[in-house]
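Following our numbering, the numbering of the sequence shown begins with 34 at its first residue and continues without gaps. C-beta: ideal position from N, C-alpha, C; glycine also.
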Amino acid sequence: MKPPFLATLAVASLATMSLTCAGTANAISPTATTVAVAAPNAAAESADISQLRQEFNDYIAGLDLDADTRAAAEEAGSSDDALVAAAAKSLTQVKAALTDAGVDNEWTSGAINPDDYKCSTTDFREWARGQIAQIDPASWDWYQNGFLGLSPDLLIQYWTLMKTPTNPQNTALGPNGANTDELARTFTNLQRFWDVDTSNVGLVSLDAKVLGPDASADRQYVYDGLSKISPLGALFLQLGVEGGLSSGKLNGFPGGVENPMFSLNAFAIDPAHAGDSQATLETLGITRRVAMGQGILQMWNELGLGRVGGRAVMAHEFGHQVQYSDNLFETSITDEAEATRRTELMADALGTYFTVHKRGESLNKAYTLQDLQTFYNVGDCSFSNPGHHGTPNQRYRSSAWAVDLVKSAGDQGHILPSLTVANSFEKVLPEIVAPDAR
């Protein structure tokens, strides 16, 4: 049975779901329960829409727009309700391509009962709380909400999608490039390890340099690209981002563009599996890739898991590329949260199989424990979210299962076919996700 479309996507963010614990005791803060952008209605409730509308009308008055875009912009600025409706429609359009690519998620209901599962806080979430506490609240709100939901967060995500992958050795990763050599080697090893063709998978850095003072041309490149998806969305995004930058909102982030909260993420995409957005992504020049966030690498380094955490994340994301190649997103599970959990836990298993295997990263016992701790740390409690990745315990158990699969093999030099690993994992998945609260 073909699942709902969202359930087939590589919702490959290790970090974001671990932070989106709205409705649980693990929320980051009362006012910022998610790293994702806020919905337009939420922004509208706290903003002076009339003032925003005036700013928007003043902004478009000085732009050289084609007739259709100007007509749409003037219609949007004709009333407060029209502006909010146009922003909501634009946000839906620009986020749709991200969702189809596997970068973003929408909140929906699900059937997983949180009372059945142990789901405590982790070092990762505590670290993130500490980072957010240092950010000026107005700056954090600007980053999440921008102009009625069209936010700098979206700009960074699209910039990451629109970058051209380079030689992995030339992709600076980690603080001051500290993780570049190791992750470049891991990436190349991953391409050799699995029995599927991933030669067209590139590697890019997810960072916030596009918000820097010398990156106006890069920002314009993204705005121009987004205008092919939603001309109004591109205008809203540009107004919000540039207005915030000119008013000093970036100064509210310790370290400016280097602040890890801008890039506390990692994801994998394949436009060929992006459904309705495939043609759009390909028109924008977006190619198959793994994106590694500078923030998540900094976080692992500061938590003492730097030698393993980055490699584990990369192996997980590459596991999604294996899933793309093997069509492993197909499932009979109809609940989106459970379907995504299956996909993500399988990627944990695929990633750990590689990192522990003698012909993969060949982690020793101590580093294997760090691998297990890595996946435990990024477990989340967003049980009903379609991007639910699994609880800390479930992610730990998925990785531990892969360790046992490697260690129990008679021939330690033999690499099992990817489908064999995946099918074996499917058989134990019910045990891995079984309720553990009692």
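With the rule of 3 Cβ pairs closer than 8 Å, the stretch 189–205 does not count as touching the stretch 273–281. By the C-beta density criterion, Leu-124 is buried, having at least 16 other C-beta atoms within 10 angstroms. Contact between Trp-434 and Val-461 is confirmed by a C-beta separation of about 6 Å, below the 8 Å threshold. Following the DSSP letters along the chain, one finds Gly-326 inside the beta strand (DSSP E) bounded by residues 322–326. Residue pairing by DSSP places Ala-299 opposite Met-325 in a beta bridge. The closest CA to that of Ile-302, considering only Ser-441, Val-323 and Gly-318, is found on Val-323. Residue state for Phe-180 is assigned as strand, using DSSP reduced to three classes. By the criterion of at least three beta-carbon pairs nearer than 8 Å, the stretch 293–312 is not in contact with the stretch 263–274. If you look at Val-117, you'll find it in the alpha helix (DSSP H) that goes 113–134.
Taking all protein chains in view, the Cβ of Leu-402 is surrounded by fewer than 16 other Cβ atoms within 10 Å, so the residue is classified as exposed.
Under a 10 Å Cβ-count criterion, Glu-350 is classified as buried, with 16 or more other Cβ atoms of the shown protein chains found around its own Cβ. In the same chain as Pro-147, and ignoring 5 residues on each side of it, the C-beta atoms closer than 6 Å to its own belong to Phe-416, in chain order.
Under the DSSP definition of a beta bridge, Ser-238 partners with Met-325. 7 Å or more divides the Cβ of Phe-157 from the Cβ of Val-341.
Measuring C-alpha to C-alpha distances from Leu-131 to each of Phe-269, Gln-445 and Gln-311 identifies Gln-311 as the nearest. Straight-line spacing of the CA atoms in Asp-149 and Met-332 works out to 30 Å. By the neighbour-count criterion, in which a residue is buried when 16 or more other Cβ atoms sit within 10 angstroms of its Cβ, Ser-112 is exposed. Taking every protein chain shown into account, the CB of Arg-392 has fewer than 16 other CB atoms within 10 angstroms, so this residue is exposed. The Cβ atoms of Leu-244 and Ala-119 do not sit closer than 7 Å to each other. With 16 or more neighbouring CB atoms inside 10 Å of its own CB, Lys-128 falls in the buried class. Of the residues Gln-356, Met-379, Gly-446 and Ser-395, the one whose Cα lies closest to the Cα of Phe-458 is Met-379. Taking C-alpha positions only, Glu-371 is separated from Arg-428 by approximately 14 Å.
The three-state secondary structure of Trp-227, taken from DSSP, is coil. Annotation for Asp-309: Asp-133 place their beta carbon closer than 7 Å to its own, counting only its chain and skipping 5 residues before and after. Sixteen is the threshold: when 16 or more other Cβ atoms of the shown chains lie within 10 Å of the Cβ of Asn-178, as they do, the residue is buried. A straight line joining the alpha-carbon of Asp-99 with that of Arg-344 spans about 47 Å. The criterion of a C-beta distance shorter than 7 Å is satisfied by Ser-296 and Gly-326. Contact annotation: Phe-286 and Ser-184 have beta-carbon atoms that are not nearer than 7 Å. Around the CB of Leu-96, fewer than 16 other CB atoms lie within 10 Å, so the residue is classed as exposed. Rounded to the nearest angstrom, the gap between the Cα atoms of Asn-222 and Phe-89 is 50 Å.
Burial is judged here by how many other beta carbons sit within 10 angstroms of a residue's own beta carbon; Arg-375 has at least 16 and is buried.
Per DSSP, Leu-438 is one residue of the alpha helix (DSSP H) stretching across 425–440.
Between Pro-208 and the set Phe-387, Gly-339, Asn-426 and Arg-430, the nearest pair of CA atoms involves Gly-339.
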